[in-house]
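Chemist:
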Amino acid sequence: MTTSTSTSTTHTTGSHSAALAAWAARVPDAPHTTSLTFRGDALAAAVGLVTSGLGSPYVLYERDSLLHVAAGAAGLLRMTARHLTAEAQGGSWTLPVTGPALAPVTEAFEALSTVQAGVRGAYGWAAFELAHLLHGAGGSEPSLSVPAGGSGGATPLAGDPSGLGDLLCLFIPAVEVVLSPGEATVSAVSPHLLDTAARLLTAPSARRAPGPATPVEAGDGDPEAYRTAVAKVIGDIRAGRLDKAVLSRTVPLDGAAPVDLPATYLAGLAANTPARSFLLDLGGWQAAGFSPETVVEAVPGGRVTTQPLAGTRALSQDPAENHRLRAELLADPKEVHEHAVSVRLACQELGGVCATGSVLVEEFMAVRERGSVQHLASRVAGRLREDRGPWDAFAALFPAVTATGAPKTEALAALQRYEDGPRGLYGGAVITADTAGALDAALVLRTVFRRGERTWLRAGAGIMRDSTPDREFEETCEKLRSVAPHIRRRPRS
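Numbering (numbering that gives the first Met the number 0), first residue to last: 0 to 492.
#1: Between the C-alpha atoms of A116 and L314, what's the straight-line distance to the nearest angstrom?
#2: Unbroken beta strand (DSSP E) runs of length 3 or more, entirely within the region 386–449: which are they?
#3: Kindly list the residues whose CB is nearer than 8 Å to the CB of W22, restricted to its own chain and excluding five residues on each side of it in sequence; keep chain order.
#4: Mind checking who V280 pairs with in its DSSP beta bridge?
#5: In chain order, what residues of the same chain lie with their CB nearer than 6 Å to the CB of P484, ignoring the 5 residues before and after it?
#6: Taking H322 as the reference, give the member of L308, V295, E368 and L349 with the closest Cα.
#7: Take G120 as the anchor and find which of E128, R198 and P27 has the nearest alpha-carbon.
#8: Excluding sequence positions up to five away, which residues of its chain have a Cβ less than 8 Å from the Cβ of R38?
#9: With DSSP collapsed to three states, give me the class of P251.
#10: Using CA coordinates, which residue listed in L129, G239 and R248 is at the minimum distance from G495?
#11: Report yes if the C-beta distance between G288 and L444 is below 9 Å; otherwise report no.
#12: Which complete alpha helix (DSSP H) runs does the region 293–334 hold, if anything under 4 residues is left out?
#13: Taking three-plus beta-carbon pairs below 8 Å as touching, is the region 291–300 in contact with the region 448–462?
#14: Can at least three beta-carbon pairs, one atom from the region 463–472 and one from the region 217–228, be found at a separation below 8 Å?
#15: Can L48 and V176 be called in contact, C-beta distance under 9 Å?
#16: Please name the residue or residues paired with Q115 in a DSSP beta bridge.
#17: In whole angstroms, give me the CA-to-CA distance for L246 and E418.
#18: Are L193 and S186 closer than 9 Å when you measure CB to CB?
#19: Using a Cβ-Cβ cutoff of less than 6 Å, which residues in the same chain neighbour V114 once the five nearest sequence positions on both sides are dropped?
#20: Report the partner residues of T184 according to the DSSP bridge assignment.
#21: At which residues does the beta strand (DSSP E) containing V379 begin and terminate?
#22: In this structure, how does DSSP classify I233 when only helix, strand and coil are distinguished?
#23: Cα separation between E337 and G310?
#24: Looking only at its own chain, which residues have a Cβ that is under 7 Å from the Cβ of R237, when we skip the five neighbours before and after it?
#25: On a CA-only basis, which of Q285, C346 and I462 is nearest L383? Give me that one, please.
#26: Just to confirm the assignment, what range does the beta strand (DSSP E) spanning S91 have?
#27: DSSP has G123 in a bridge; who is on the other side?
#28: Would V118 and T434 qualify as a contact pair, given that the criterion is a beta-carbon distance under 9 Å?
#29: By a C-beta neighbour count over all protein chains shown, 10 Å radius and 16 as the cutoff for buried, is P291 buried or exposed?
#30: Please state the DSSP three-state secondary structure of T79.
#31: My parser needs the alpha helix (DSSP H) runs of 4 or more residues fully inside the region 461–489; what are they?
#32: Excluding the five sequence neighbours on either side, which residues of its own chain have a C-beta within less than 7 Å of the C-beta of L479, listed in chain order?
#33: Going by C-alpha to C-alpha distance, which of L349, L329, L252 and L241 sits closest to D219?
#34: Classify A376: buried if its beta carbon has 16 or more other beta carbons within 10 angstroms, exposed otherwise.
#35: Starting from the Cα of L260, find the closest Cα among R325, Y425, A270 and D280 and give me that residue.
#36: Indicate whether H82 and V104 have their beta-carbon atoms separated by less than 9 Å.
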């Protein structure tokens, strides 16, 4: 059935390929490009671009000394538990989700690659509850809510009376800026957007004054409810129901003044050493995060890697104490076992989509410093089979075992039983992908979240047979301290 209005056209169809070809044809090219010599403060410039009104939605994504800024939607893909909706220039196509859940996303990128003059990128996020669609966990449709507080239920999202929300949201930017040392490249769908971005980049700018810190106590929320939930998970593990679950808790940030996410991002990045960082406003979510690891890194040609981090100790200003804690971490049977379980599952998941014999552990049990904590870290790599692509790798690895547990389906069920409500973006991924076959997905941890009128932090700990509730609660506090001291607020007008 097709319904037309004077401003838009909505199509509901079961034919993926035809609908996505029509959508791709509506997505405008970005033929307007320029390169600029850039000697200023790249981070200040990137934040300035997204706060200047360049375009909405936006994603700022930092990786490997590059800052990517994407703004404005030339095309949009949104997936719920039942449908994929593709939008571009007033047209909207709604497709049923059948078979492999992310197959329509692969088809959308393939359709886009056939009509775009060059490689086209997309940016977005996957909510943690996409896991239930990928793994069939829990026996019910996923729903997204805003945490009501430290524990005890959740509040349905405003404007979503069904309780269901988008599980995946990606947009093809109208303007994209990549800042590398000494240079900025800009591509846009129109000369106006190109000129606007170039003008903002070349205008004199200073880093935003972040304002005074308004630290949050990492122990806020409901500590006793969390300890009780940890004890229940330990009981399930000892009863043989699962091996590991990453149980999380929330810390609300509601107060007299709203959190300033761009200023918090600048302050937090100065104090953290993330694998990736991001600042976004997309699909009803706003977030500033300092991701400690990647869910998947795929490059054209088929190489794919994942970077599980599991096993944690605090990181302080005292080198001697850090050395002692590092040695303790490497010698702790619980932490080593937790890490080994995560690496084993990552190998198994990659093995399902990679060529036989290509999966290997390239790095095992290195120690990585991430802000207020140090982690055991490994890297698992493989080469995709000829009949598999980057979105297949993402589907196999998502959600990260280090934010879920093992076995994954049983861990997801435990999280539904014992956490304070759906996670939403926490434990999900911020994603950049392109039509050439690249995909980079950062695990969403160490992040400030805003949805509607509520703002919060969230952190978890890996629960094993030998865990204790007090230690796991303290681990969540250690992780929260990567962000909690750096919260900045805007004065109310």
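All C-beta atoms in this analysis are idealised placements derived from N, C-alpha and C, irrespective of residue type, glycine included.
Modeler: The answer reads as follows:
#1: A direct Cα-to-Cα measurement between A116 and L314 gives close to 48 Å.
#2: List check, beta strand (DSSP E) in window: 428–433 and 438–442.
#3: Excluding positions up to five away in sequence, the list reads G74, A85, E86, A87, G90, W92, A107 and A110.
#4: Here residue 280 is Asp; the residue named in the question, Val, does not match the sequence. Its beta-bridge partners are Y57 and Q285.
#5: Hits under 6 Å: P214.
#6: Nearest C-alpha to H322: E368.
#7: Nearest option by C-alpha distance: P27.
#8: If we look at R38 and ignore the five residues flanking it on each side, its Cβ neighbours are G181.
#9: In the structure shown, P251 sits in a strand (DSSP, three-state: E or B).
#10: Because the chain in this structure spans residues 0 to 492, residue 495 falls outside the shown range and cannot be described.
#11: If you check the CB distance, G288 and L444 come in under 9 Å.
#12: Entirely contained in the region 293–334, the alpha helix (DSSP H) runs reaching 4 residues are, in chain order, 318–330.
#13: Three or more beta-carbon pairs separated by less than 8 Å are not found between the region 291–300 and the region 448–462, which leaves the two stretches without contact.
#14: Segments in contact, yes.
#15: V176 is positioned such that its CB atom lies closer than 9 Å to that of L48.
#16: Beta-bridge annotation (DSSP): Q115 is not paired with any residue.
#17: Rounded to the nearest angstrom, the two C-alpha atoms are 7 Å apart.
#18: Result yes, Cβ atoms of L193 and S186 sit closer than 9 Å.
#19: Shown here for V114: same chain residues with a beta carbon closer than 6 Å to its own, the five before and five after excluded, namely A23 and A24 in chain order.
#20: DSSP lists S34 and V177 as partners of T184.
#21: Membership of V379 in the beta strand (DSSP E) is indicated by the continuous run V372 to R382.
#22: In this structure, I233 counts as helix in the three-state DSSP scheme.
#23: Here the alpha carbons of G310 and E337 stand approximately 7 Å from one another.
#24: Scanning its chain for C-beta atoms nearer than 7 Å, with the 5 sequence neighbours on each side dropped, one finds around R237 the residues R464, in chain order.
#25: The alpha carbon of L383 has as its nearest neighbour, out of Q285, C346 and I462, the alpha carbon of C346.
#26: Here the beta strand (DSSP E) through S91 covers G90 to P95.
#27: Beta-bridge pairing links G123 to L169 and I430.
#28: Yes, Cβ-Cβ distance for V118 and T434 is below 9 Å.
#29: P291 is classed as buried because its beta carbon has at least 16 other beta carbons within 10 Å across all chains shown.
#30: The answer is coil: DSSP assigns T79 none of H, G, I, E or B.
#31: Taken in chain order, the complete alpha helix (DSSP H) segments of 4 or more residues contained in the region 461–489 are 468–479.
#32: Closer than 7 Å at Cβ, skipping near neighbours: A217, V250, L456 and A458.
#33: In terms of CA proximity to D219, L252 leads the group L349, L329, L252 and L241.
#34: So A376 counts as buried.
#35: Comparing C-alpha distances from L260 to each of R325, Y425, A270 and D280 shows the shortest one belongs to D280.
#36: No, they are not a contact pair.
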